[in-house]
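Following: one structure in structure tokens, then a few remarks.
Number of protein chains: 2
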Amino acid sequence: MKRHVLIFGLVGGLLIATLQYTEYRFVIIEHSVEVYGALVAILFAAFGIWLGLRITRRRETTNEIVRETVVVKEVLVPAEAPAPFVPNSVPFAPNTTQQQNLGITARELEILALVARGLSNREIANQLFVSENTVKTHCARAFDKLGAARRTQAVQRGKELGLLP
Amino acid sequence: MKRHVLIFGLVGGLLIATLQYTEYRFVIIEHSVEVYGALVAILFAAFGIWLGLRITRRRETTNEIVRETVVVKEVLVPAEAPAPFVPNSVPFAPNTTQQQNLGITARELEILALVARGLSNREIANQLFVSENTVKTHCARAFDKLGAARRTQAVQRGKELGLLP
DNA sequence: GATGTCGTCATCCTTTCGGATGATTTTGCT
DNA sequence: AGCAAAATCATCCGAAAGGATGACGACATC
Numbered sequence: 001m002k003r004h005v006l007i008f009g010l011v012g013g014l015l016i017a018t019l020q021y022t023e024y025r026f027v028i029i030e031h032s033v034e035v036y037g038a039l040v041a042i043l044f045a046a047f048g049i050w051l052g053l054r055i056t057r058r059r060e061t062t063n064e065i066v067r068e069t070v071v072v073k074e075v076l077v078p079a080e081a082p083a084p085f086v087p088n089s090v091p092f093a094p095n096t097t098q099q100q101n102l103g104i105t106a107r108e109l110e111i112l113a114l115v116a117r118g119l120s121n122r123e124i125a126n127q128l129f130v131s132e133n134t135v136k137t138h139c140a141r142a143f144d145k146l147g148a149a150r151r152t153q154a155v156q157r158g159k160e161l162g163l164l165p
Numbered sequence: 166m167k168r169h170v171l172i173f174g175l176v177g178g179l180l181i182a183t184l185q186y187t188e189y190r191f192v193i194i195e196h197s198v199e200v201y202g203a204l205v206a207i208l209f210a211a212f213g214i215w216l217g218l219r220i221t222r223r224r225e226t227t228n229e230i231v232r233e234t235v236v237v238k239e240v241l242v243p244a245e246a247p248a249p250f251v252p253n254s255v256p257f258a259p260n261t262t263q264q265q266n267l268g269i270t271a272r273e274l275e276i277l278a279l280v281a282r283g284l285s286n287r288e289i290a291n292q293l294f295v296s297e298n299t300v301k302t303h304c305a306r307a308f309d310k311l312g313a314a315r316r317t318q319a320v321q322r323g324k325e326l327g328l329l330p
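Sequence lines, in order, name chains W and B.
Number 88 in my numbering belongs to position 88 of the first sequence; there are no gaps in the numbering.
Just so we're on the same page, my numbering is the position in the second sequence counted from 1, plus 165.
Structural data, given as structure tokens:
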């Protein structure tokens with residue numbers, strides 16, 4: 001991946017050097033600048049396309065990742081079986097260590113959990129018998145502590161850290 | 166498809182004209198040819214990459230299910246955290262049955278997944294090389310099909326239904 | 001009694017989301 | 001070639017969310 005950038009730079013430098021050189025030697029014609037530009041443009045566009053294809057190509061043959069990618073292909077869930085990913089039949093135990101060293105209070109976590117369940121601030125406020133402003137404050141603080149800018153991000157982070165089921 | 170070539174030509178022409186113009190007006194400096202060339206090269210390489218990505222983008226047909234590579238993001242967890250909720254070491258296999266009988270398209274699911282990862286519409290738009298409006302449309306449709314009013318709710322539903330990891 | 005944390009509420013302002021709707025283009029299938 | 005589904009983009013508008021900031025009371029702790 002890094003090699004491509006290198007190649008890119010190299011080819012770029014060589015090309016420019018070459019073109020500049022040839023310009024002063026052989027291609028001294030009318031509108032040489034346009035020709036020059038067009039040449040560079042076309043070449044680099046082509047190179048860019050190639051690069052774009054190469055760096056985003058799906059690896060079929062390289063080592064570890066492939067194996068798994070192929071395997072999952074046949075994993076089809078039978079019929080209309082809902083059986084959807086039972087989140088946890090076991091009562092969830094939040095990671096208190098994480099919670100503490102992030103300084104997240106119990107109330108904030110409580111509200112975060114409701115956020116994760118898809119409730120709006122108003123719904124949370126009603127459910128907890130507090131004002132919407134309060135919910136927003138708790139949210140803001142929790143988001144800040146989690147380094148999240150959006151509630152979806154906060155939820156994601158919360159799950160990663162084991163704070164949420 | 167044809168339009169891209171057209172755009173390519175147009176942008177090319179405009180760019181060259183612009184550069185040529187500016188060269189004679191503002192950029193009259195030493196080595197202006199190199200600067201000029203480098204500029205053209207970089208711009209066209211970028212454009213080429215974009216074009217390459219765009220014209221070769223995979224369309225997932227109904228027959229052949231192309232699976233996306235799962236990028237396992239490593240999260241730094243301070244020491245004593247007991248490896249909570251390993252996101253998925255196994256590539257996630259979405260519940261295609263649920264997806265189909267809800268009428269959720271591949272693209273919608275793709276965007277839903279990015280929503281679940283906490284990205285804003287704008288970020289998603291940039292990542293997928295589409296406009297923010299498009300993302301919003303996909304979101305709206307997905308939310309509708311999921312019976313969700315908010316993105317957090319959609320994510321929650323998606324996970325319940327096994328559509329999201 | 002001073003200090004600090006937590007929960008509560010507020011206001012102002014900006015950004016983001018979401019709903020409704022219509023249009024165009026691309027693509028898959030017949 | 002033509003149709004249907006999907007994808008793309010747009011605009012308008014209201015609602016929700018988020019940032020910044022200040023304030024106040026309860027409670028624990030030193």
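All C-beta atoms, glycine included, are put in the ideal place defined by N, C-alpha and C.
Since we're looking at a predicted model, the values are computed, not measured.
Residue environment for A319/B: buried (at least 16 other C-beta atoms within 10 angstroms of its C-beta). Linking G162/W to T152/W through their CA atoms gives a straight-line distance of about 15 Å. Within chain B, not a single residue places a beta-carbon under 7 Å from that of G103/W; the smallest gap is close to 13 Å. Of N286/B, G268/B, V280/B, the smallest CA-CA separation from L329/B is found for V280/B. Between the C-alpha atoms of T97/W and G158/W there is a straight-line separation of about 13 Å. Cβ contact annotation for N95/W (same chain, cutoff 7 Å, sequence separation greater than five): L161, G162, L163, in chain order. Rounded to whole angstroms, the separation of the alpha carbons of L208/B and S131/W is 52 Å. Excluding five sequence positions before and after R306/B, the CB atoms of its chain that fall closer than 7 Å to its own CB belong to E273, given in chain order. Within chain W, not a single residue places a beta-carbon under 9 Å from that of V295/B; the smallest gap is close to 16 Å. For F308/B, the enclosing alpha helix (DSSP H) begins and ends at 297-311. Burial state of G118/W is buried, judged by a 10 Å Cβ sphere holding 16 or more other Cβ atoms.
With its beta carbon less than 8 Å from one in chain W, T317/B belongs to the interface. Assigned with DSSP and collapsed to three states, G118/W falls in coil, not helix or strand.
Taken in chain order, the members of the stretch 300-326 of chain B whose beta-carbon sits within less than 9 Å of a beta-carbon on chain W are A313, A314, R315, R316, T317, Q318, A319, V320, Q321, R322, K324, E325, L326.
A straight-line Cα-Cα distance of about 29 Å links Q127/W and K301/B. When DSSP states are grouped into helix, strand and coil, I124/W belongs to the helix group. Taken through DSSP and simplified to helix, strand or coil, N260/B comes out as coil.
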